[in-house]
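Taking it in order: structure first as C-alpha cells, then the write-up.
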Amino acid sequence: MHVAVMGAGYVGLVTAGGLADLGLMVTSADINQERIQRLGEGKVPIFEPGLEELVRRNTQAGRLSFSADIQSAVRNSLVIFIAVGTNGGLNGEPDLSQIWSVADSIADSMEDYKVIVTKSTVPVGTAAQLRERISSRLERPVEFDVVSNPEFLREGSAVEDFFHPNRIVIGSPSGRAVGIMKDIYQRLYLNETPFVITTCETAELTKYAANSFLALKISFINELANLCDAIGPCTDIHVIGRALGLDGRIGSKFLHPGPGFGGYCFPKDTRALCTTARKFGVNVRTVEAAVEVNESQYLRVVEKVRQGLGGLADKTVSVLGLSFKPNTDDVRESRAVRICEALRSEGCTLQVYDPVAMAASASVLNGHAVKYCANAYEAAEGADALVTATEWNEFRALNLEKLKAGMRGDLLVDAKNAMDAAKAKEAGFRYYGMGRR
Ligand code: UDX
C-alpha cells in the first residue's frame, strides 16, 4: 500500500518513518523544498531520539522517499495523512491555514478513491469541514473518505510511542476507511494495541481531552507541591505523589512537580479545549484552572531564587536546561526560558547551558545579559545561584562538589526535583526543591 504524509515536521516524519517500518510505501511530502532536499540527503532537521536511524533504515530499504511534489504524492497514494502544524495564537484558536492549504492541494490532485486522515491536532468539526472543502473544490466527483486519527506522540519519545501506542483512535463514519486504517496499523494490532473506533468529532475531542487531563494532573501536583512548601519540610511532595500513584485509579504518571508544563502541545491544546467549550456555551472550569495555575507556576522558581539570594538585582544565576523537557531541543513555551526571562527582567545576569537546545534558545532569548556556556561547570562558574530547569540525565551525573567549588554562592534551586537533595547538601549547597526541602 502507498501512503503519503503531508508535513515533514516531527509528527509527520515520525509517522512517515514508522509507517514505512510497518512495511508501507511512504512518501513524506512538504512544500519546504530545502527541508525535502536535506531529508533526501539523510539529514533529519529535528532532534528526536531514534528518528534519524528510522529514516535512514527505511530510505535505504526503498520504502520511504521525500518529495516536494504534492500532486504526485497524492496521486500515488491510497491514504494521505495530514500532519502539518496548527499552532495558534494565545487566544486558544488553532491556526488551520496549513490544513486548508493541504486540503486544496489534495482536492486538486485527486483522481481516484482516497482516505484523507487528519493526524494534526484539530478542533472538533475540522474533519467535517475538510470533507466539505474538498468536495466543493473537486472539479469532477471523486470518491474519498475523511478520518480523524490523532497522534499521541511525546517529543523525545515519539519513535517509541509510535511503535508502542496505548491506543489507536480512528474516527470515521466510513467502514471502508476504518478497514483501510486497521490494515495500516495491522502489525501493531497483532501486538494487541487497542483500537478505539468512533466518530470524527469524538476522535478530535479525545485528543484535547487526553492532553488536558494530563495537564490537570500536572497543575494539581504543582499546587500540592506549593502547599508542601508552605507547610514546611515535614511534608514531601514526592512521597505524596508516590502514594497517589499507587492507587490504580489515579496512576503514577504525570505527577511530577516542576515549573509547569510547556512545549508545543499542552499549552496550545488546553487553551483550545477551553475555547471550543466556550463556543458551545460550556466552561470547562477544571481545565481553565489548570491553565491558570500553569501560567504562574514558573514564578515560584523565580521566587525561590529571590528568597535564597535575598534579592535578584545584579546577581549572576546559572540556569541548566532550556528545552521544555529533556531529550528535545524544542523551547516552545519552555518554562526554563520563562524562568530565564523573568530572572533577567529583575536584573540578573544569566549563564546558561543545555545539552542540545542552545541554538534554539538563542533565538528566543536574545543575547542581552546571557552567556551561553559549553557545559554545566562553565555555566556555574562565579554564579550566585544555580537553577536546574530541565531534568536532563546528564545533570544528575554532575560532580556537585566541582560545581559548587566554581560558584560564588551556594544556592541550588532544583525546579524539576531532578537532583539528589542529600548529596547537594553534602556538597555544600543550600538546596531548594519544589515541595520538598
Ligand atoms: C504531549 C503528550 O504527552 C503527547 O501524548 C501529545 O500527543 C503531545 O503532547 P509532549 O508535549 O512531547 O507530549 O510532552 P510531555 O512529555 O507530555 O510533557 C509535557 C510537559 O509537561 C513538559 O513541559 C513536561 O516537563 C511537563 N510535565 C510532564 C510535568 O511538569 N510533570 C509531569 O509529571 C509530566
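Okay, so the sequence shown: first residue is 492 according to the numbering used here, each after it adds one.
Virtual Cβ for every residue (Gly too), placed ideally from N, Cα, C.
Practice problem: Measure the beta-carbon distance from S825 to S814 and round it to whole angstroms, keeping in mind my assumption that it falls under 8 Å. | Solution: Locating residue 825 in the sequence shown gives position 334, where the first residue counts as 1. Locating residue 814 in the sequence shown gives position 323, where the first residue counts as 1. The Cβ separation is near 6 Å, so the contact holds.
Self-check item: Contiguous alpha helix (DSSP H) assignments of at least 4 residues, all confined to the region 790-839
Solution: 826-836
Quiz item: Is it right to say Q524 is buried, meaning 16 or more other beta carbons lie within 10 angstroms of its own, or is it exposed?
Solution: What you label residue 524 is simply residue 33 of the sequence shown in a count that begins at 1. Exposed, because fewer than 16 other Cβ atoms sit within 10 Å of the Cβ of Q524.
Practice problem: Please report how far the alpha carbon of T612 lies from the alpha carbon of E872, in whole angstroms. | Solution: Position 121 of the sequence shown, counted from the first residue, corresponds to residue 612. Position 381 of the sequence shown, counted from the first residue, corresponds to residue 872. One C-alpha to the other measures close to 43 Å.
Quiz item: For the beta strand (DSSP E) that contains A909, what are its first and last residues?
Solution: Within the sequence shown, residue 909 is the residue found at index 418, counting from 1. Note, A909: premise wrong, no beta strand (DSSP E); not H, not E.
Exercise. Identify whether V615 lies in helix, strand or coil by the three-state DSSP scheme.
Key: In the sequence shown, counting from the first residue as 1, residue 615 sits at position 124. Of the three classes helix, strand and coil, the one that applies to V615 here is coil, per DSSP.
Self-check item: Cβ distance (whole Å) where S639 is taken to contact G670 below 8 Å
Solution: Taking the first residue of the sequence shown as position 1, residue 639 is located at position 148. Taking the first residue of the sequence shown as position 1, residue 670 is located at position 179. Actually they do not touch by this definition, with Cβ atoms about 16 Å apart.
Practice problem: Under 7 Å Cβ to Cβ from L746, same chain only, skipping five residues before and after it: list those, please. | Solution: Reading the sequence shown from its first residue, position 255 is the one you call residue 746. Excluding sequence neighbours, L746 sits near K708, I712, G732, L735, G736.
Quiz item: Is G753 near ligand 1, with its Cβ less than 7 Å from a heavy atom?
Solution: As a first step, residue 753 is located in the sequence shown; it is residue number 262 there, counting from the start. At least one heavy atom of ligand 1 is nearer than 7 Å to the Cβ of G753, so yes.
Self-check item: Reduced DSSP secondary structure (H/G/I, E/B, other) of T506
Solution: Position 15 of the sequence shown holds residue 506. Helix, per DSSP.
Quiz item: Can we count K816 as close to ligand 1, meaning its CB is less than 7 Å from some heavy atom?
Solution: The residue given as residue 816 occupies position 325 in the sequence shown. Answer for K816: yes, Cβ within range of ligand 1.
Self-check item: Residue interval of the beta strand (DSSP E) (run including G662)
Solution: Within the sequence shown, numbered from 1, the residue matching residue 662 stands at position 171. G662 -> beta strand (DSSP E) spans 659-662.
Exercise. Decide if the region 564-578 is in contact with the region 493-503; the criterion is three or more beta carbon pairs, one per stretch, under 8 Å apart.
Key: Yes: at least three Cβ pairs fall under 8 Å.
Quiz item: Do N702 and ligand 1 come close, with the Cβ less than 7 Å from some heavy atom?
Solution: Looking up residue 702 in the sequence shown gives position 211. At least one heavy atom of ligand 1 lies closer than 7 Å to the C-beta of N702.
Self-check item: Cutoff 8 Å; reference E602; Cβ partners in own chain excluding five residues on either side
Solution: Stepping through the sequence shown from its first residue, residue 602 is reached at position 111. Result list for E602: R566, V633, in chain order.
Quiz item: Which residue or residues does DSSP assign as beta-bridge partners of Q478?
Solution: In the structure as shown, the chain begins at 492 and stops at 928. Residue 478 is therefore absent and cannot be evaluated.
Quiz item: Cα-Cα, which of G897, G772, L902, H729 is closest to V793?
Solution: By one-based count along the sequence shown, residue 793 stands at place 302. Closest by alpha carbon: L902.
Self-check item: Residues that D905 bridges to, as DSSP identifies them
Solution: As a position in the sequence shown, residue 905 is number 414, starting the count at 1. Partner(s): T879.
Quiz item: Where do the ends of the beta strand (DSSP E) carrying R921 lie?
Solution: As a working note, residue 921 is residue 430 in the sequence shown. Its beta strand (DSSP E) spans residues 921-923.
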